[in-house]
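S.K.: Letter by letter, the sequence shown follows residues 15 to 476 of the working numbering. Have a look at this one.
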Amino acid sequence: MNTSTVVDPTLPIVEPTPEVVEGLDYWRSLPVKQQPTWPDKDKAAAVIGELHRVPPLVFAGEVDNLRSSLAAVAEGKAFVLQGGDCAETFAGATADQIRNRVKTILQMAVVLTYGASMPIVKMGRMAGQFAKPRSSDMETRDGVTLPAYRGDMVNGFDFTEDSRTHNPGRMLEGYHTAASTLNLIRAFTQGGFADLRMVHSWNRGFAQNPANRRYEGLAREIDRAVRFMEAAGADFDELKRVDFYAAHEGLLMDYERAMTRIDSRTGLPYDTSAHFIWVGERTRDLDGAHVDFFSRVQNPIGVKLGPSTTPADMEALADKLDADRTPGRLTFITRMGAGKIGDVLPGLLEASQKLELTPIWITDPMHGNGITTQTGYKTRRFDDVVEEVKGFFAAHREAGTHPGGIHIELTGDDVTECLGGSQAIDELGLETRYESLCDPRLNHQQSLELAFLAAEELARIS
Ligand code: PEP
Ligand code: MN
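The structure is reproduced here in structure tokens:
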């Protein structure tokens with residue numbers, strides 16, 4: 015399917031080479047993990063056909079812009095903030111929830127910009143984070159065994175046979191939910207809401223807490239600086255709009271393949287389901303379908319690296335995903351665990367320097383720090399998250415490499431899913447408001463606290 019992402023009819027159309035077209039389906043001959051089994055094959059084929067025809071969610075030019083911004087990160091001149099739900103849900107795609115998440119990320123970005131004095135590249139785990147890898151295919155409750163929940167794009171969370179059956183129609187619903195989420199994000203970030211002169215308003219509507227108060231102080235300083243510059247006649251067009259990019263785990267091959275389009279300017283493929291796609295820890299096999307497929311699209315690609323990653327794995331991933339060593343193309347998202355990062359990351363950084371790789375390094379301090387309470391809640395200790403972030407900065411300081419960003423599971427709401435923080439959420443407190451269908455997220459306050467901490471670490475190096 016050759017659907018152009020460019021609408022300008024005056025430009026010459028560059029056709030893709032046969033190698034490019036065939037390459038996009040090569041993954042089908044490789045082992046593929048974590049995929050649904052659609053019981054209704056005809057319906058699946060119809061949905062996939064429809065997904066090939068729908069308009070792209072993002073455009074090739076936007077993806078190129080992101081790659082250029084990420085090139086600056088790879089060169090040590092900018093910092094990445096990625097945040098959002100572990101698993102977005104269709105029901106959660108409301109204006110309030112989307113706005114709170116965007117506000118939280120904008121606030122964190124302001125805190126980081128101020129600390130780091132460098133541009134922050136902002137990305138949401140939003141508008142497409144609907145498919146989840148699971149450690150087990152099945153889930154048993156009270157003697158009843160059903161397929162595990164794999165994200166709203168595959169099946170429902172309700173523990174009934176009907177809801178847990180893999181339903182390809184959910185891919186279309188995922189596409190439309192992503193489209194309306196992205197529409198609202200674009201409206202918020204391009205339509206004046208993200209104007210730096212609104213820096214106070216992003217704090218409104220959140221319960222008052224120490225992190226918010228600290229933010230208010232910073233917002234007042236920014237306000238004063240902006241008013242001074244305005245009085246001096248500076249032009250603030252640049253401050254009115256914010257580039258905010260969509261990112262998710264590229265997991266569901268039927269969806270990602272169908273959303274991939276050939277850019278008519280270049281004849282090259284772009285996965286138009288999101289600007290940035292990452293390959294998860296469970297599907298990053300070198301000879302597997304995911305790495306092969308994503309090696310062939312032009313989007314900036316992330317790969318999660320867990321504590322068992324060897325320098326040889328890292329090198330092979332770079333060879334496959336970033337053979338030309340293009341700064342901004344490849345991001346390693348390390349998720350080692352607070353207790354392991356100090357042992358594993360330095361070796362990878364040293365090897366990366368020796369091999370002259372040019373990846374961006376981002377810390378995901380969430381996925382290596384999961385615990386389950388005796389009462390059965392999946393949670394994380396805020397202190398462990400902080401420890402891993404500190405370990406990340408320390409390893410980069412030691413190696414002389416650039417700590418390029420943070421990747422956080424967060425929500426703008428006042429949930430109680432992670433232990434600790436200045437609210438000191440304890441095990442009992444988890445019961446108050448635990449809403450995640452998958453991994454626990456930092457709430458609004460914990461997210462701001464973490465941003466202040468990362469800003470202090472960044473200030474030490476800039
Ligand atoms: C995730 O990001 O939600 C996830 C499953 O991460 P990982 O692949 O690092 O386990
Ligand atoms: Mn997760």
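Quick reminder that beta carbons are idealized off the backbone N, C-alpha and C, glycines included.
Please give the ranges of any alpha helix (DSSP H) in the segment 151-211, keeping only runs that are unbroken, at least 4 residues long and fully inside the region.
M.R.: 175-178, 183-204
S.K.: I'd like to confirm something about residue 302: is its beta-carbon nearer than 6 Å to some heavy atom of ligand 1, or not?
M.R.: As a first step, residue 302 is located in the sequence shown; it is residue number 288 there, counting from the start. Flag unset: Cβ of residue 302 not near ligand 1.
S.K.: Once the 5 residues before and after residue 310 are set aside, which same chain residues still bring their CB inside 7 Å of it?
M.R.: As a first step, residue 310 must be located in the sequence shown, where it is residue number 296. The answer, listed in chain order, is 37, 38, 283.
S.K.: What are the boundary residues of the beta strand (DSSP E) that includes residue 421?
M.R.: Position 407 of the sequence shown, counted from the first residue, corresponds to residue 421. First-last of the beta strand (DSSP E) with residue 421: 419-423.
S.K.: How about residue 177 and residue 188: do their beta carbons lie closer than 7 Å?
M.R.: Position 163 of the sequence shown, counted from the start, is the residue given in the question as residue 177. Position 174 of the sequence shown, counted from the start, is the residue given in the question as residue 188. Residue 177 places its beta carbon 7 Å or farther from that of residue 188.
S.K.: Looking only at DSSP bridge pairs, what is residue 95 linked to?
M.R.: Here residue 95 is taken as the residue at index 81 of the sequence shown, counted from 1. In the DSSP output, where bridge partners are listed per residue, residue 95 has 136, 420.
S.K.: For residue 174, count neighbouring C-beta atoms within 10 Å of its own C-beta (all shown protein chains included) and say buried if the count is 16 or more, exposed if not.
M.R.: In the sequence shown, residue 174 corresponds to position 160, counting from 1. Exposed is the call here.
S.K.: Between residue 64 and residue 182, what straight-line distance do the alpha-carbon atoms span, to the nearest angstrom?
M.R.: As a first step, residue 64 must be located in the sequence shown, where it is residue number 50. As a first step, residue 182 must be located in the sequence shown, where it is residue number 168. Computed Cα separation, rounded: 11 Å.
S.K.: Cβ atoms of residue 101 and residue 451: under 7 Å apart, would you say?
M.R.: Taking the first residue of the sequence shown as 1, we reach residue 451 at position 437. Taking the first residue of the sequence shown as 1, we reach residue 101 at position 87. Between residue 451 and residue 101, the C-beta spacing is below 7 Å.
S.K.: How is residue 16 classed by DSSP in three states: helix, strand or coil?
M.R.: Here residue 16 corresponds to residue number 2 of the sequence shown, with the count starting at 1. Because the pLDDT of residue 16 is 41, which lies under 50, any placement of that residue in the model is unreliable, and the question is left without a value.
S.K.: Start and end of the alpha helix (DSSP H) containing residue 290?
M.R.: Working through the sequence shown from its first residue, we reach residue 290 at position 276. Counting along the chain, residue 290 falls outside any alpha helix (DSSP H), though it belongs to the beta strand (DSSP E) covering 290-293.
S.K.: Under 7 Å between the Cβ atoms of residue 460 and residue 407?
M.R.: Here residue 460 refers to the residue found at position 446 when the sequence shown is read from its first residue. Here residue 407 refers to the residue found at position 393 when the sequence shown is read from its first residue. For residue 460 and residue 407, no; Cβs fall outside 7 Å.
S.K.: In angstroms with no decimal places, state the Cα-to-Cα distance between residue 399 and residue 387.
M.R.: For this step, residue 399 is matched to residue 385 along the sequence shown. For this step, residue 387 is matched to residue 373 along the sequence shown. If I take the Cα positions, the gap works out to 17 Å.
S.K.: Classify residue 433 as helix, strand or coil using the three-state DSSP reduction.
M.R.: Counting from one through the sequence shown, the residue named residue 433 turns up at place 419. Note: residue 433 maps to strand in three-state DSSP.
S.K.: Around the Cβ of residue 120, are there at least 16 other Cβ atoms within 10 angstroms (buried) or fewer (exposed)?
M.R.: Position 106 of the sequence shown holds residue 120. By the neighbour-count rule (16 or more Cβ atoms within 10 Å), residue 120 is buried.
S.K.: Determine the DSSP secondary structure at residue 285, reduced to helix, strand or coil.
M.R.: Locating residue 285 in the sequence shown gives position 271, where the first residue counts as 1. Collapsing the DSSP output to three states places residue 285 in a strand.
S.K.: Relative to ligand 4, what is the chain-ordered list of residues with a Cβ closer than 5 Å to any of its non-hydrogen atoms?
M.R.: Among the ligands in the structure shown, ligand 4 does not appear; only ligand 1 and ligand 2 can be found there.
S.K.: Leaving out five residues before and five after residue 269 in sequence, what residues of the same chain have Cβ atoms less than 6 Å from its Cβ?
M.R.: Looking up residue 269 in the sequence shown gives position 255. Counting only Cβ-Cβ distances below 6 Å, and skipping sequence neighbours, we find 185.
S.K.: My output table needs one value for residue 108: the three-state DSSP class, helix, strand or coil.
M.R.: What you label residue 108 is simply residue 94 of the sequence shown in a count that begins at 1. Correct three-state label for residue 108: coil.
S.K.: Pull the bridge partners of residue 395 from the DSSP assignment, please.
M.R.: Along the sequence shown, one-based indexing puts residue 395 at 381. Bridge partners of residue 395: 433.
S.K.: Nearest to residue 195 by CA position, among 116, 303, 129, is which residue?
M.R.: Looking up residue 195 in the sequence shown gives position 181. Checking every option, the nearest Cα to that of residue 195 belongs to 116.
S.K.: Please name the residue in 294, 425, 442, 267 whose C-alpha comes closest to that of residue 390.
M.R.: Position 376 of the sequence shown, counted from the start, is the residue given in the question as residue 390. The option with the nearest alpha carbon to residue 390 is 442.
S.K.: Return the CA-CA distance between residue 163 and residue 50, expressed in angstroms with no decimal places.
M.R.: The count along the sequence shown starts at 1 and reaches residue 163 at position 149. The count along the sequence shown starts at 1 and reaches residue 50 at position 36. Roughly 10 Å between the two C-alpha positions.
S.K.: State whether the segment 68-80 contacts the segment 197-216, with contact taken as three or more CB pairs (one from each stretch) at a distance under 8 Å.
M.R.: no
S.K.: Exposed or buried, what is residue 190 when buried is set at 16 or more other beta-carbons lying within 10 Å of its beta-carbon?
M.R.: Locating residue 190 in the sequence shown gives position 176, where the first residue counts as 1. With fewer than 16 other Cβ atoms within 10 Å, it is exposed.
S.K.: Closer than 6 Å to a non-hydrogen atom of ligand 2 - does that hold for the CB of residue 333?
M.R.: Stepping through the sequence shown from its first residue, residue 333 is reached at position 319. For ligand 2, not one heavy atom lies less than 6 Å from the Cβ of residue 333.
S.K.: Among the candidates 337, 392, 153, whose CA atom is the shortest distance from the CA of residue 370?
M.R.: Along the sequence shown, read from residue 1 onward, the residue named residue 370 stands at position 356. Among 337, 392, 153, the Cα nearest to that of residue 370 belongs to 337.
S.K.: To which residues does DSSP link residue 456 through a beta bridge?
M.R.: Start at 1 with the first residue of the sequence shown, and residue 456 comes out as number 442. Paired residues: 424.
S.K.: If we ignore side chains and look at the alpha-carbon of each, how far apart do residue 23 and residue 74 end up?
M.R.: For this step, residue 23 is matched to residue 9 along the sequence shown. For this step, residue 74 is matched to residue 60 along the sequence shown. C-alpha separation (whole angstroms): 16 Å.
S.K.: Please confirm if residue 205 has its CB atom under 7 Å from at least one CB of chain B.
M.R.: The structure shown contains no chain B, having only a single protein chain.
S.K.: To the nearest angstrom, report how far apart residue 323 and residue 250 are at their CA atoms.
M.R.: Residue 323 sits at position 309 when you count from the first residue of the sequence shown. Residue 250 sits at position 236 when you count from the first residue of the sequence shown. The straight-line gap from Cα to Cα measures roughly 45 Å.
S.K.: Along the beta strand (DSSP E) that carries residue 263, what are the first and last residues, could you check?
M.R.: If you number the sequence shown from 1, residue 263 lands on position 249. It spans 258-263 - the beta strand (DSSP E) in which residue 263 sits, taken as one unbroken run.
S.K.: Just to confirm, are residue 130 and residue 472 a CB contact at a threshold of 7 Å?
M.R.: For the purposes of this step, residue 130 is identified with residue 116 of the sequence shown, where counting begins at 1. For the purposes of this step, residue 472 is identified with residue 458 of the sequence shown, where counting begins at 1. Result yes, Cβ atoms of residue 130 and residue 472 sit closer than 7 Å.
S.K.: How close, in whole Å, do the beta carbons of residue 319 and residue 332 come, if the pair is a contact with beta carbons under 8 Å?
M.R.: To locate residue 319, count along the sequence shown from 1; it is residue 305. To locate residue 332, count along the sequence shown from 1; it is residue 318. About 11 Å; that fails the 8 Å criterion.
S.K.: Would you call residue 98 buried or exposed, if buried means 16 or more other Cβ atoms sit within 10 Å of its Cβ?
M.R.: Within the sequence shown, the letter at position 84 stands for residue 98. Buried.
S.K.: Does the distance between the C-beta of residue 453 and the nearest non-hydrogen atom of ligand 2 fall short of 6 Å?
M.R.: Along the sequence shown, read from residue 1 onward, the residue named residue 453 stands at position 439. At least one heavy atom of ligand 2 is nearer than 6 Å to the Cβ of residue 453, so yes.
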